[in-house]
Structure formats: C-alpha cells, structure tokens
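Working notes, beginning with the structure itself.
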Amino acid sequence: MDIKDDQPAGHARAAVAGHRRRTLLCVLLIAAVAACAGYRGGWKSVAYVGDIPPARGSDDEGASRPTTLHFPGLQLDIALDNALRTHDTQVILFALPVSVDPRAVFTKNNQPGKTRLFLTVTPTEAGYVFRPTQANLHIGDRRVGGMAGYEFGMWDAAGQRVQQGGSWQHRPVGDAFTLTQAGRRYLLSIDFDIATPSPETTGLAVDLSDALRSPHHPPLPRIRFAPVRWKEGYT
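So the working numbering is basically just the index in the sequence shown, starting at one, shifted up by 947.
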C-alpha cells in the first residue's frame, strides 16, 4: 500500500482524537465550574414577643428571612438589617476549599452609622397609621427614636405608585402614613441614627406602640430580638 495514500486517514484519526480530547477538557471544565459552590453563615436577630426568647438554634433559610408576627388587625414581617456574616467558605467539586473569608460583615446594611428596620405590614382591616418617628429602638440601656420612614415600591417621575415603567425606590412617607387598603402588603422601613448593633447585643428591642397604631386595637407590645445562627449554601 502506498504510504501517501494512508496519510489522509491518519490525519483524520488524529483530528478525531484531538477533538475528543478538547471535548473531554471542556466537559471537565464545565463540571468544575458547575461544582464551584460555597457555604456561609453567622448571626441574625429574630423577633419575638413576650419574656421567653426563641431557642438559639439555627435557621437554614439564610440571613434575609424576616420573622412573622400576628397581632389583632394585622400581620407583621419584621427584620433588622443587622445580619452578621462570620464565615464564608468557597469550595470546588463540592468538597475542596479554595477560599475562606473569616471576616465579620453586616450583609444587609448599606448605610454606615445607621440602622434600618424593615416592616412588611399586611392589615386585615383599614385604619392603621404608620408614624415612623414615633418608633423607639432599644439597644441595651440606650433608646433611639426613628428618624425617617419609607415605603418601598415602584414609582413614576411624579412620585406616584405604578405597576410598570417606574423605578424601584424607598420613598419617604412623612410623619404619618395611613394604611388604607386591607389585605395589601405595605413594604415599610424605619431608619435609626445609630450604628448597626450586633445580633448578640443584650437588650435589643423595638417599641412600635405609637408608630403603628389603630384606633380599633390596643397598642402593639414591645418586640424583642434574640440572636440566632443562620447558614446557607450557594453556587
């Protein structure tokens, strides 16, 4: 057989083998990237009412889940922006650590020197009035009054609430904001002019008795916060 006649076949086999190697390498790279993941955790404040705090267990749903409390006439989802991440470990192939970040970081606080309280209020009847400057945040022996309140939503250029075509913003609500629609979820918040407290701070509580009030129901009780560990995985 003429050697020259066999050269094209040899080149073809080499090309196929090279293609297979490249394909295998791409598959391995994709698998490695897909297997890059991590886990992180720390402490957060969980709201409760009464004298007995919740058990200091762990919350597998992460740092951002609020606590839901029920009162006459409304449901209240409440969270402080003081979730503290104390560790963050990235791994490859779901097992081999490639990066460890041991820094303590407030994951949700975007305003140095200030603390924000998030309130999702769902009234079952109209009549509640939101007065953010009447709120009081208790941190140990200190008491700090609310400095401003906001409603989160989509707003147009004229400041009107819209369903589309606007921009998402925390809009100031002024000194008093009436919750007129029963069943609607009002995404509210209150700023306090004090540095974010650690979730492990003793005596952490908020008084909304004059800040969220209905003439048809008794004032809300003091809401206390207990430290609870949180953890979550990510890819």
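Glycine included, C-beta positions come from ideal geometry on N, C-alpha and C.
### Message
Applying the 10 Å Cβ sphere with the 16-neighbour rule, what's the burial state of ALA1104?
### Response
The sequence position of residue 1104 within the sequence shown is 157, counting from 1. By the neighbour-count rule (16 or more Cβ atoms within 10 Å), ALA1104 is not buried but exposed.
### Run of the beta strand (DSSP E) containing ASN1083, from where it starts to where it stops
For the purposes of this step, residue 1083 is taken as residue 136 along the sequence shown, with counting starting at 1. Where ASN1083 is concerned, the enclosing beta strand (DSSP E) stretches over 1083-1086.
### Query
Bridge partners of VAL1063, per DSSP?
In the sequence shown, counting from the first residue as 1, residue 1063 sits at position 116. The sequence shown places Arg at residue 1063, rather than the Val named in the question. Answer by DSSP bridge pairing, in chain order: ASP1138.
### For MET1101: DSSP bridge partner residues
As a working mapping, residue 1101 is identified with position 154 in the sequence shown. In DSSP, MET1101 forms a bridge with TRP1115.
### Query
Pick from PRO1019, PRO1174, GLN1111 and VAL1175: whose alpha carbon is nearest that of PRO1162?
Here residue 1162 refers to the residue found at position 215 when the sequence shown is read from its first residue. Nearest option by C-alpha distance: PRO1019.
### Query
What residues in its chain sit with their C-beta under 8 Å from that of PRO1165, if we drop five residues either side in the sequence?
Working through the sequence shown from its first residue, we reach residue 1165 at position 218. Same-chain partners within the cutoff: PRO1019.
### Query
Taking Cβ positions only, does LYS1178 come closer than 8 Å to chain C?
Going by chain labels, chain C is absent from the structure shown, which holds only one protein chain.
### Query
Buried or exposed: ARG1171, going by 16 or more other Cβ atoms within 10 Å of its Cβ?
The count along the sequence shown starts at 1 and reaches residue 1171 at position 224. That one is buried.
### Task
Give the straight-line distance between the Cα atoms of ARG1176 and THR1036, rounded to the nearest whole angstrom.
Within the sequence shown, residue 1176 is the residue found at index 229, counting from 1. Within the sequence shown, residue 1036 is the residue found at index 89, counting from 1. Between the C-alpha atoms of ARG1176 and THR1036 there is a straight-line separation of about 16 Å.
### Query
Between THR1062 and the rest of its own chain, which residues show a CB-CB distance below 6 Å, the 5 nearest in sequence each way excluded?
Counting from 1 along the sequence shown, the entry for residue 1062 is found at position 115. The answer, listed in chain order, is PHE1139, ILE1141 and THR1143.
### Query
From GLN1022 to LEU1016, what distance separates their C-alpha atoms?
Stepping through the sequence shown from its first residue, residue 1022 is reached at position 75. Stepping through the sequence shown from its first residue, residue 1016 is reached at position 69. Looking at the two C-alpha atoms, the distance is approximately 6 Å.
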